[in-house]
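Student: Numbering (our numbering), first residue to last: 837 to 1266. We put the CB at the ideal spot given by N, CA and C, even for glycine. A quick note: this is a predicted structure, and the numbers were derived from the prediction, not measured.
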C-alpha cells in the first residue's frame, strides 16, 4: 500500500486546506494525474500524484487543514509499479541452512465447560418484538442477566422511529424524565440539529479579499526571510536588442496574432542556454549548494487583485522559442485564476521577473529561497548608442542579476550576463 503524503509546496509552507478531491476510491491514477486541490496562504494549487495504482481510501475530509507530510490517501500500487519496486528493493540474500526442530511432548490442558446463561425475556417483551422486529441486540437499556421488559422495547422503538426521523430521543431534552415525548419535542430537536449542521458560506468578495491579503502576507514573509538570511549581490548589464527585435519582426510576419512571439520568450530561452554554462546559478541552497539537473524557470506573474505569483516553466532548455511562448500563454491565465498544479508552484530552480512595456527601466529582484539567483529584465527603451564612431538610436534592455554570495560571486555573475548578451545577439541560434 502506497501512502500519498501532503507535499511541501513552498520553502515556508507548513500546512494547507483541502478544498476538493479530484479522485475517489476505486479510481485508477497514473503519474501526473491531479488527485486533489488545496489552498495555501498564496493560492489554490492542484496536487499531482507520482505513483501508479488504484485509490484505496481517502483519509482527509474536504475543508480540513493538513500539515505537510500528513498521509492524505492510500493507494494500491499497480502490478507493473509493484513488480518494479520489488525488483529494485529485494537484494540477493545468502541461503541459511535449516536447523532441525526438536519435537517436545506437551501435556493436554483441560478447560472446564462454561454453561451459557440465557437472558430472561418477559412474555410481554416477546409479543412486542413480534410486532416491531427491531432487533434484540438494540434493546440495551437493561443490565446484563436482567429481564427485558416492554418498556425497554418501547424506548428502543421510540429512539429509532421518532416520528419518522432517525434522531436519538435522548437528545430531546425539553421534557422531564419519565414524561411522554411529544411530536413538538421531536420537531424542535430536528430543527435544532439542522441549524447546528448548517454551514455558513463566506461571501465571495470576502474570499477574494482574503486570498489577495494572504498572498501579500506570504510574499512579504518569504521576501523578509530572504533579505535576512541570504547575502545578496547585484549586477546590471545594458543589452542591445536590435538584432533580437529585427529577428522577431521577420518571425512574426506570417503568424496570426495568437501565435506571435514576444521578446520575453527569447529572453527566457537565452537565460536557459546561459545557465547550461553556469550551473551554480541553477541551484538551491539547503545546508550547502545543491545543483539542479532540470532548468525550471519561475516566471513572476502580477495579480490583478494585488501581489505576485511565480509559476514554473519546466525544462526550458529543452523547449524551443515557440514552445516557451505557448507555455507562457497557457500558464499565465491559470496563475491569475489560481489554478496552478503543485509542480508548477514548487519546482522552480531560478526566477525571472520581467517589467515589460510601460514599466521601470530596471528591476532588482529579491531571491526566492531556497533558490540562489533571480534575473530581472526592465522595460525596452530606445537609447542613444555609439558604435564604430557612429551615433544611433537602438533598443536596449537593462538586465539585472541578484545572486546568493554563498553560492556564487560577482565574477561568475558578470560572466553569466556576458553570455546572456551573446545569446540575445544571435536569436536565430536559440
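Consult DSSP for residue 1257 and reduce its assignment to one of helix, strand or coil.
Tutor: Within the chain shown, the letter at position 421 stands for residue 1257. Residue 1257: helix per DSSP, three-state reduction.
Student: Nearest-angstrom Cα distance between residue 1251 and residue 1226?
Tutor: The count along the chain shown starts at 1 and reaches residue 1251 at position 415. The count along the chain shown starts at 1 and reaches residue 1226 at position 390. Answer to the nearest angstrom: the Cα atoms are 27 Å apart.
Student: Would you please state the rounded distance, in angstroms, between the beta carbons of residue 1267 and residue 1106? I believe it to be under 8 Å.
Tutor: The displayed coordinates of the chain run from 837 to 1266. Any statement about residue 1267 would go beyond what the structure contains.
Student: Which of the three DSSP states, helix, strand or coil, is assigned to residue 1246?
Tutor: Indexing the chain shown from 1 puts residue 1246 at position 410. Three-state result, residue 1246: helix.
Student: DSSP state of residue 852, grouped into three classes?
Tutor: Mapped onto the chain shown, residue 852 falls at position 16. Residue 852: strand per DSSP, three-state reduction.
Student: To the nearest angstrom, report how far apart residue 1234 and residue 1102 are at their CA atoms.
Tutor: As a first step, residue 1234 must be located in the chain shown, where it is residue number 398. As a first step, residue 1102 must be located in the chain shown, where it is residue number 266. For residue 1234 and residue 1102, the distance between alpha carbons rounds to 15 Å.
Student: If we ignore side chains and look at the alpha-carbon of each, how far apart do residue 1100 and residue 1161 end up?
Tutor: Here residue 1100 is taken as the residue at index 264 of the chain shown, counted from 1. Here residue 1161 is taken as the residue at index 325 of the chain shown, counted from 1. Their Cα atoms are separated by approximately 8 Å.
Student: Count the other C-beta atoms from every protein chain shown that fall within 10 angstroms of the C-beta of residue 864, then say buried if there are 16 or more, exposed otherwise.
Tutor: Position 28 of the chain shown, counted from the start, is the residue given in the question as residue 864. Classification for residue 864: exposed.
Student: Applying the criterion that 16 or more other CB atoms from any shown protein chain within 10 Å of the CB defines a buried residue, is residue 1154 buried or exposed?
Tutor: What you label residue 1154 is simply residue 318 of the chain shown in a count that begins at 1. With fewer than 16 Cβ atoms within 10 Å of its Cβ, residue 1154 is classed as exposed.
Student: Quick check on residue 1060: buried or exposed, where buried means 16 or more other Cβ atoms within 10 Å of its Cβ?
Tutor: What you label residue 1060 is simply residue 224 of the chain shown in a count that begins at 1. By the 10 Å Cβ count, residue 1060 comes out exposed.
Student: With DSSP as the reference, please indicate the residues paired to residue 1187 in a beta bridge.
Tutor: Here residue 1187 corresponds to residue number 351 of the chain shown, with the count starting at 1. Bridge partners of residue 1187: 1134 and 1210.
Student: With DSSP run on the structure shown, which of helix, strand or coil describes residue 1236?
Tutor: Taking the chain shown and counting its residues from 1, the one referred to as residue 1236 is at position 400. Strand, per DSSP.
Student: Per DSSP, what are the beta-bridge partners of residue 840 in this structure?
Tutor: Taking the chain shown and counting its residues from 1, the one referred to as residue 840 is at position 4. 909.
Student: For residue 1148, which of helix, strand or coil comes out of DSSP?
Tutor: Your numbering for residue 1148 matches position 312 in the chain shown. Looking at residue 1148 - three-state DSSP - the assignment turns out to be strand.
Student: Taking only the alpha-carbon atoms, compute the straight-line gap between residue 901 and residue 885 and give it to the nearest angstrom.
Tutor: Position 65 of the chain shown holds residue 901. Position 49 of the chain shown holds residue 885. For residue 901 and residue 885, the distance between alpha carbons rounds to 19 Å.
Student: According to DSSP, what are the bridge partners of residue 1109?
Tutor: Residue mapping note: residue 1109 aligns to position 273 of the chain shown, counting from 1. According to DSSP, residue 1109 bridges with nothing at all.
Student: Residue 1071 lies in the beta strand (DSSP E); which residues open and close that run?
Tutor: Here the question's residue 1071 lines up with position 235 in the chain shown. 1068–1076 is the span of the beta strand (DSSP E), which, as asked, contains residue 1071.
Student: Go to residue 1171, then tell me how far its alpha helix (DSSP H) extends in each direction, as first and last residue.
Tutor: Your numbering for residue 1171 matches position 335 in the chain shown. Its alpha helix (DSSP H) spans residues 1157–1172.
Student: What first and last residue would you give for the beta strand (DSSP E) that runs through residue 1223?
Tutor: Residue 1223 sits at position 387 when you count from the first residue of the chain shown. Counting along the chain, the beta strand (DSSP E) containing residue 1223 begins and ends at 1217–1223.
Student: How many Å lie between residue 1148 and residue 1132 at the Cα?
Tutor: What you label residue 1148 is simply residue 312 of the chain shown in a count that begins at 1. What you label residue 1132 is simply residue 296 of the chain shown in a count that begins at 1. Each residue's alpha carbon lies about 6 Å from the other.
Student: By the DSSP assignment, the alpha helix (DSSP H) with residue 887 in it spans what residues?
Tutor: Here residue 887 is taken as the residue at index 51 of the chain shown, counted from 1. Looking at the DSSP string, residue 887 is not in any alpha helix (DSSP H), and its letter there is neither H nor E.
Student: Considering only their Cβ atoms, is the gap separating residue 1203 from residue 1152 smaller than 8 Å?
Tutor: Within the chain shown, numbered from 1, the residue matching residue 1152 stands at position 316. Within the chain shown, numbered from 1, the residue matching residue 1203 stands at position 367. No, the pair does not count as a contact, with Cβ atoms beyond the cut-off.
Student: When the Cβ atoms of the stretch 1184–1195 are set against those of the stretch 1211–1220, are three or more pairs found closer than 8 Å?
Tutor: The stretch 1184–1195, when compared against the stretch 1211–1220, does touch it at the 8 Å Cβ threshold.
Student: Rounded to the nearest angstrom, what separates residue 1094 and residue 1088 at their Cα positions?
Tutor: Position 258 of the chain shown holds residue 1094. Position 252 of the chain shown holds residue 1088. Rounded to the nearest angstrom, the two C-alpha atoms are 10 Å apart.
Student: Return the chain-ordered list of same chain residues with a C-beta closer than 8 Å to the C-beta of residue 906, the five sequence neighbours on each side being excluded.
Tutor: Looking up residue 906 in the chain shown gives position 70. Cβ within range, chain order: 841, 842 and 896.
Student: If you pair each beta-carbon of the stretch 1122–1131 with each one of the stretch 1169–1182, do three or more pairs fall below 8 Å?
Tutor: Short answer: they don't touch.
Student: State the DSSP-derived secondary structure class of residue 1002, mapped to helix, strand or coil.
Tutor: Counting from 1 along the chain shown, the entry for residue 1002 is found at position 166. With a pLDDT of only 45 at residue 1002, under 50, the local geometry of the prediction cannot be trusted, and no value is derived from it.
Student: Can you give the beta carbon distance from residue 903 to residue 1078, rounded, assuming they're within the 8 Å contact cut?
Tutor: For the purposes of this step, residue 903 is taken as the residue at position 67 of the chain shown. For the purposes of this step, residue 1078 is taken as the residue at position 242 of the chain shown. 54 Å between Cβ atoms; not a contact.
Student: For residue 1169 and residue 1058, which I take to be in contact (beta-carbon distance under 8 Å), what is that distance rounded to the nearest angstrom?
Tutor: By 1-based counting over the chain shown, the position of residue 1169 is 333. By 1-based counting over the chain shown, the position of residue 1058 is 222. With a Cβ gap of about 24 Å, residue 1169 and residue 1058 do not count as contacting.
Student: Taking only three categories from DSSP, how would you classify residue 875?
Tutor: Within the chain shown, the letter at position 39 stands for residue 875. Looking at residue 875 - three-state DSSP - the assignment turns out to be strand.
Student: Within the continuous beta strand (DSSP E) that includes residue 902, where are the two ends?
Tutor: Translated into positions along the chain shown, residue 902 becomes position 66. Segment 901–903, the beta strand (DSSP E) holding residue 902.
Student: Taking the straight line between their C-alpha atoms, what separation do you get for residue 1073 and residue 1208?
Tutor: Here residue 1073 corresponds to residue number 237 of the chain shown, with the count starting at 1. Here residue 1208 corresponds to residue number 372 of the chain shown, with the count starting at 1. C-alpha separation (whole angstroms): 19 Å.
Student: I need the straight-line Cα distance from residue 1200 to residue 1238, nearest angstrom please.
Tutor: Numbered from 1 along the chain shown, position 364 holds the residue referred to as residue 1200. Numbered from 1 along the chain shown, position 402 holds the residue referred to as residue 1238. Rounded to whole angstroms, residue 1200 to residue 1238 spans 7 Å at the Cα level.
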